[in-house]
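Heads up: the structure comes next, in structure tokens.
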Amino acid sequence: MFRLMNEHTTKHHSWAEPYKIKMVELLRMTTREERLAAIREAGYNTFLTRSRDVYIDLLTDSGTSAMSDRQWAGMMMGDEAYSGSENFYHLESVVQEYYGYKYLVPTHQGRGAEHLMSQILIQEGDHVPGNMYFTTTRLHQELAGGKFVDVIVDEAHDPASEFPFKGNVDLAKLDALVQDVGADRVPYISLEGNVNMAGGQPFSMANLRELRAYCDKHDIPIMLDATRTIENAWFIREREEGYASKSVREILREICDMTDGCTMSAKKDLLVNIGGFFCCNDDEVFRKAQNLVVVYEGLHTYGGLAGRDMEAMAQGILEATTEEHMAARVGQVRYLGRKLEAAGIPIVKPIGSHAIFIDARQFLPHIDQDDYPAQALAAELFIEAGIRTMERGNVSAGRSPVTGENRHPKLELVRLTIPRRVYTQAHMDVVVEAVTDVYARRDEIRGLKMVYEPEYLRFFQARFEPL
Ligand code: PLI
Numbered sequence: 002m003f004r005l006m007n008e009h010t011t012k013h014h015s016w017a018e019p020y021k022i023k024m025v026e027l028l029r030m031t032t033r034e035e036r037l038a039a040i041r042e043a044g045y046n047t048f049l050t051r052s053r054d055v056y057i058d059l060l061t062d063s064g065t066s067a068m069s070d071r072q073w074a075g076m077m078m079g080d081e082a083y084s085g086s087e088n089f090y091h092l093e094s095v096v097q098e099y100y101g102y103k104y105l106v107p108t109h110q111g112r113g114a115e116h117l118m119s120q121i122l123i124q125e126g127d128h129v130p131g132n133m134y135f136t137t138t139r140l141h142q143e144l145a146g147g148k149f150v151d152v153i154v155d156e157a158h159d160p161a162s163e164f165p166f167k168g169n170v171d172l173a174k175l176d177a178l179v180q181d182v183g184a185d186r187v188p189y190i191s192l193e194g195n196v197n198m199a200g201g202q203p204f205s206m207a208n209l210r211e212l213r214a215y216c217d218k219h220d221i222p223i224m225l226d227a228t229r230t231i232e233n234a235w236f237i238r239e240r241e242e243g244y245a246s247k248s249v250r251e252i253l254r255e256i257c258d259m260t261d262g263c264t265m266s267a268k269k270d271l272l273v274n275i276g277g278f279f280c281c282n283d284d285e286v287f288r289k290a291q292n293l294v295v296v297y298e299g300l301h302t303y304g305g306l307a308g309r310d311m312e313a314m315a316q317g318i319l320e321a322t323t324e325e326h327m328a329a330r331v332g333q334v335r336y337l338g339r340k341l342e343a344a345g346i347p348i349v350k351p352i353g354s355h356a357i358f359i360d361a362r363q364f365l366p367h368i369d370q371d372d373y374p375a376q377a378l379a380a381e382l383f384i385e386a387g388i389r390t391m392e393r394g395n396v397s398a399g400r401s402p403v404t405g406e407n408r409h410p411k412l413e414l415v416r417l418t419i420p421r422r423v424y425t426q427a428h429m430d431v432v433v434e435a436v437t438d439v440y441a442r443r444d445e446i447r448g449l450k451m452v453y454e455p456e457y458l459r460f461f462q463a464r465f466e467p468l
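Heads up: the sequence shown begins at 2 in the working numbering, then just goes up one per residue.
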């Protein structure tokens, strides 16, 4: 019988998977010529390639997890009633227990929750500080009339810095904003667990405690982006004094108990292919979210999800918060990262939990940032071995709404994102070989010219041509 071994640590073992494989998905092998034709057709944008042409899919860890037998069994228990589904009440009780918030509003995925929260909390002209932007989060803040202000510590913008808590908020930056615009123009601070765009980097509990004290003083709510906060809890346990003997579950609750609500893309930490939610403790905010969700997502007891999706999510929470799951999750990412480091590939340090980020500036120093080095490198990895990765640099950062210029972020990265429970150690070895081969011929790689640019979140659909 499956046991949740929270009391049990696997420290003395390697990170080997706490499961065995029951069903496999067959992959198609392609030739270099086929991959070249495919990337040309996709406008050198990995988001526009077809999954059938991909061998190892490291595009994202979002919705790409392998579900367990228990999650699939839960899918069969879907109560697909329009209102009051049993699965909603089950999910609500599990979220209340593990995350600790009073109210839950399900949404179809993370951005659905971001939309509701931004529309409810932000007024035209408000400023929303955050520990680095995320693409959809910032866009919803802007669409609601807000302006995102980055208040993450400087170390987060330096790929080589080994600072263990690069997700920390710089309280001095936050205070400078509050002094400048006034606390009443700061509707909340957006705090992301395991900051995606910084390389999957955690904040510390000490930093959150200080932030809580500051926000209490100025009456500013803290809204957590809980998407990868279980992974953040794991790093706190590993790195922060006083947490080594606490369980991931306890640390997760400690984080949530210091915040006022959250948005969640369940497609990451929670091991499901679709789903999300908004949580809060405030009665008035909840009433508004419950009302708005019926406009954009669906009734407040399903929020755009099927009953079976909510059941799989409830079970996913139980599995994702075990020590053995997290040890294997982080262990596999670290295995890949250390091998790449040993091969001399420049990567963001310290190694995060959900992905390895290659520093494309260092990998391709001869390509100007406006010729999109990270985009070019992602295309090259696809051509080399059918490995699909994602640009997280100048294309993802988009243009400033004020100047219309490219934002030129300090971090120009290619993200090798590891889906949960999907690939083997042998797949990771192939990735290392492919990246190493591309690195050996890096001088031949040219930049790209953007030939089509969509208005919103351009990285998803932009098209390029080689220079
Ligand atoms: O893709 P969604 O709409 O379920 O979630 C949006 C979202 C919100 N916050 C964070 C930190 C994310 O990473 C996130 C989505 N991330 C994607 C799709 C990714 O590939 O990283």
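Using N, Cα and C, we set each Cβ at its ideal position, and we do this for glycine too.
DSSP three-state call for alanine 161: helix, strand or coil?
-> coil
Are the CB atoms of glutamate 232 and histidine 355 nearer to each other than 8 Å?
-> yes
State buried or exposed for asparagine 46, treating a residue as buried only when at least 16 other CB atoms are found within 10 Å of its CB.
-> buried
Considering only the beta carbon of each residue, do isoleucine 419 and aspartate 171 sit closer than 8 Å?
-> No, they are not a contact pair.
Ligand 1 heavy atoms versus the CB of serine 34: any closer than 7 Å?
-> As written in the sequence, residue 34 is glutamate, which differs from the serine given in the question. Answer for glutamate 34: no, Cβ out of range of ligand 1.
Collapsed DSSP secondary structure at lysine 450 in the structure displayed | Strand.
Using 8 Å as the threshold, is the segment 370-389 in touch with the segment 111-119, meaning 3 or more CB pairs across them?
-> no
Can you tell me whether methionine 68 is buried or exposed, with buried defined as 16 or more other CB within 10 angstroms of its CB?
-> Answer is buried; the Cβ neighbour count reaches 16.
Sorry if obvious, but does the Cβ on asparagine 197 come closer than 7 Å to a heavy atom of ligand 1?
-> yes
Beta-carbon separation (whole angstroms), threonine 302 vs glycine 85, contact threshold 8 Å | 6 Å
Specify which residues have a beta carbon nearer than 6 Å to any heavy atom of ligand 1, listing them in chain order.
-> Thr61, Ser63, Gln110, Gly111, Arg112, Phe135, Thr137, Thr138, Glu193, Asn197, Asp226, Thr228, Ser266, Lys268, Gly277
Name the DSSP bridge partner or partners of histidine 128?
-> In DSSP, histidine 128 forms a bridge with Lys148.
Candidates Ile221, Leu60, Ala199, of which the one nearest proline 130 by Cα = Ile221
Could you tell me the distance, in whole angstroms, from the CA atom of arginine 408 to the CA atom of glycine 200?
-> 18 Å
Determine the contact status of arginine 464 and tyrosine 453, defining contact as a CB-CB distance below 8 Å.
-> yes
Within the same chain, show all residues whose beta-carbon is closer than 6 Å to that of aspartate 270, passing over the 5 residues directly before and after it, in chain order.
-> Arg229, Ile231, Ala321
For glycine 75, which of helix, strand or coil comes out of DSSP?
-> helix
Boundaries (first-last residue) of the alpha helix (DSSP H) holding aspartate 360 = Unbroken run through aspartate 360 is the beta strand (DSSP E), 356-360; no alpha helix (DSSP H).
Where DSSP assigns a beta bridge to alanine 407, which residues make up the other side?
-> A small fix is needed here, since residue 407 is asparagine in this sequence, not alanine. DSSP lists Arg400 as partners of asparagine 407.
When the distance is taken between beta carbons, is glycine 387 closer than 8 Å to valine 95?
-> no
So leucine 468 packs on arginine 447, CB below 8 Å; how close in whole Å?
-> 5 Å
Got a sec, what are the start and stop residues for the alpha helix (DSSP H) aspartate 310 sits in?
-> 308-321
Could you check if lysine 411 is buried or exposed, using at least 16 other CB atoms within 10 Å of its CB as the buried criterion?
-> exposed
State the beta-bridge partners of alanine 417 as determined by DSSP.
-> One point to set straight first is that residue 417 is leucine, not alanine, in the sequence displayed. According to DSSP, leucine 417 bridges with Ile357.
Proximal residues to aspartate 310 (C-beta, below 7 Å), its chain only, five neighbours per side dropped | Val273, Ile275, Gly276
Looking at C-alpha atoms only, which residue of Ile368, His367, Ala361, Gln333 is the closest neighbour of isoleucine 352?
-> Gln333
Which one of Asp176, Glu193, Glu251 has the shortest CA to CA distance from arginine 186?
-> Asp176
Rounded C-alpha distance that separates alanine 74 from leucine 49 | 33 Å
Glutamate 8 to serine 248, Cα distance in whole Å?
-> Note that glutamate 8 has pLDDT 44, beneath the 50 cutoff, so the model's placement of it is unreliable and no number is given.
Helix or strand or just coil, what does DSSP make of threonine 65?
-> coil
Between the CA atoms of cysteine 257 and arginine 112 - distance to the nearest angstrom = 20 Å
Collapsed DSSP secondary structure at serine 15 in the structure displayed | coil
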